[in-house]
Amino acid sequence: MATKCRRSRTKFTEEQLKILIDAFNKKPYPGYAIKQRLALEVNTEESRIQIWFQNRRARHNFLKRPEKNLDLRQDRAYPEENIQGVRDRRCRTSYTSSQLQTLMNAFMENPYPGVDSREQLAEDIGVPESRVQIWFQNRRSRLHIQKKREPEEASAQRQNQGQDL
DNA sequence: TCTAATCTCATCAAAAGCATTTTGATGAGCCCATTAGA
Numbered sequence: 001m002a003t004k005c006r007r008s009r010t011k012f013t014e015e016q017l018k019i020l021i022d023a024f025n026k027k028p029y030p031g032y033a034i035k036q037r038l039a040l041e042v043n044t045e046e047s048r049i050q051i052w053f054q055n056r057r058a059r060h061n062f063l064k065r066p067e068k069n070l071d072l073r074q075d076r077a078y079p080e081e082n083i084q085g086v087r088d089r090r091c092r093t094s095y096t097s098s099q100l101q102t103l104m105n106a107f108m109e110n111p112y113p114g115v116d117s118r119e120q121l122a123e124d125i126g127v128p129e130s131r132v133q134i135w136f137q138n139r140r141s142r143l144h145i146q147k148k149r150e151p152e153e154a155s156a157q158r159q160n161q162g163q164d165l
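Next up, the structure:
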């Protein structure tokens, strides 16, 4: 059986889009509480709201701000308090050692799991699929950084050993 | 073709343990990120 790699596209209705656009015009950087409320209002997941705002900001920045070094955050219409809903972030997820072990095993098997695998993992460890996606993103990113650093650290170590002699 | 979904990379910030490290959450993307489903 073929596994699904990508989540199927969400199709927002005109009514849903109206709600989202209104919210975006008021606050292009909504906090977690607002995103949750919007998710309830348009009957979707909070993670879909987050993606919609990310894509909307990207398009909005491009259409409205062709000049370099200008973005929504520097727009007078969007003062500091509108950014991040005054730092209203989702509560940090803390994983147990067994949850981490499951994630690590899955990562070693496939660092780019499709939506089906992520959903299965999410069910197995009892967290939302969106958290599994974020965990894999962070894990891949930090592995790349670590791999880039390794040659530098090795050469620094060789230099130190040379000085010691 | 439009735009939701996904990616990497940089950064913020909470938690664990006492100044610093680890790592989850969030945002941008600039010859204006790329990919791909409806």
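Under UniProt numbering, the first residue of the first sequence is numbered 1, with each subsequent residue one higher. The beta-carbon is built from N, C-alpha and C at its ideal position, and this holds for glycine as well.
Assuming the contact rule is C-beta atoms closer than 8 angstroms, residue i and residue j should be a hit. Round their C-beta distance to whole Å, please.
| i | j | result |
| --- | --- | --- |
| F62 | F24 | Not a contact, Cβ separation roughly 15 angstroms. |
Would DSSP call residue i helix, strand or coil?
| i | result |
| --- | --- |
| S8 | coil |
| N55 | helix |
| E123 | helix |
| G85 | The pLDDT assigned to G85 is 48, lower than 50, so where the model puts this residue is not dependable; a value taken from the coordinates is nonetheless given after this. Of the three classes helix, strand and coil, the one that applies to G85 here is helix, per DSSP. |
| Y32 | helix |
| N110 | coil |
| K68 | A caution first: K68 carries a pLDDT of 43, below 50, which makes its placement in the model too unreliable to give a value. |
| T102 | helix |
| N61 | helix |
Leaving out the 5 sequence neighbours to the left and right, which residues in its chain are closer than 7 angstroms to residue i when beta-carbon positions are compared?
| i | result |
| --- | --- |
| Q133 | R118 |
| I49 | K35, L38 and A39 |
Taking buried to mean at least 16 other C-beta atoms within 10 Å of its own C-beta, is residue i buried or exposed?
| i | result |
| --- | --- |
| P30 | buried |
| P113 | buried |
| A33 | exposed |
| N69 | Residue confidence for N69 is low, a pLDDT of 42 falling below 50, so the modelled location carries little weight; the figure read from the coordinates is stated next. Per the 10 Å Cβ criterion, exposed. |
| L143 | exposed |
| A106 | buried |
Can you name, in chain order, every residue of its own chain whose Cβ lies under 8 angstroms from the Cβ of residue i, other than the five neighbours on each side?
| i | result |
| --- | --- |
| V127 | T93, Y95 and Q99 |
| R6 | G114 and V115 |
| Q137 | none |
With respect to the alpha helix (DSSP H) encompassing residue i, which residues constitute its N-terminal and C-terminal limits?
| i | result |
| --- | --- |
| T93 | Here T93 belongs to no alpha helix (DSSP H), and DSSP marks it neither H nor E. |
| N25 | E14 to K26 |
Residues in its own chain within less than 6 angstroms of residue i by CB, not counting five upstream and five downstream?
| i | result |
| --- | --- |
| V42 | Q16 and I19 |
| I125 | Q99 and T102 |
| K4 | G114, V115 and D116 |
| S130 | S47 |
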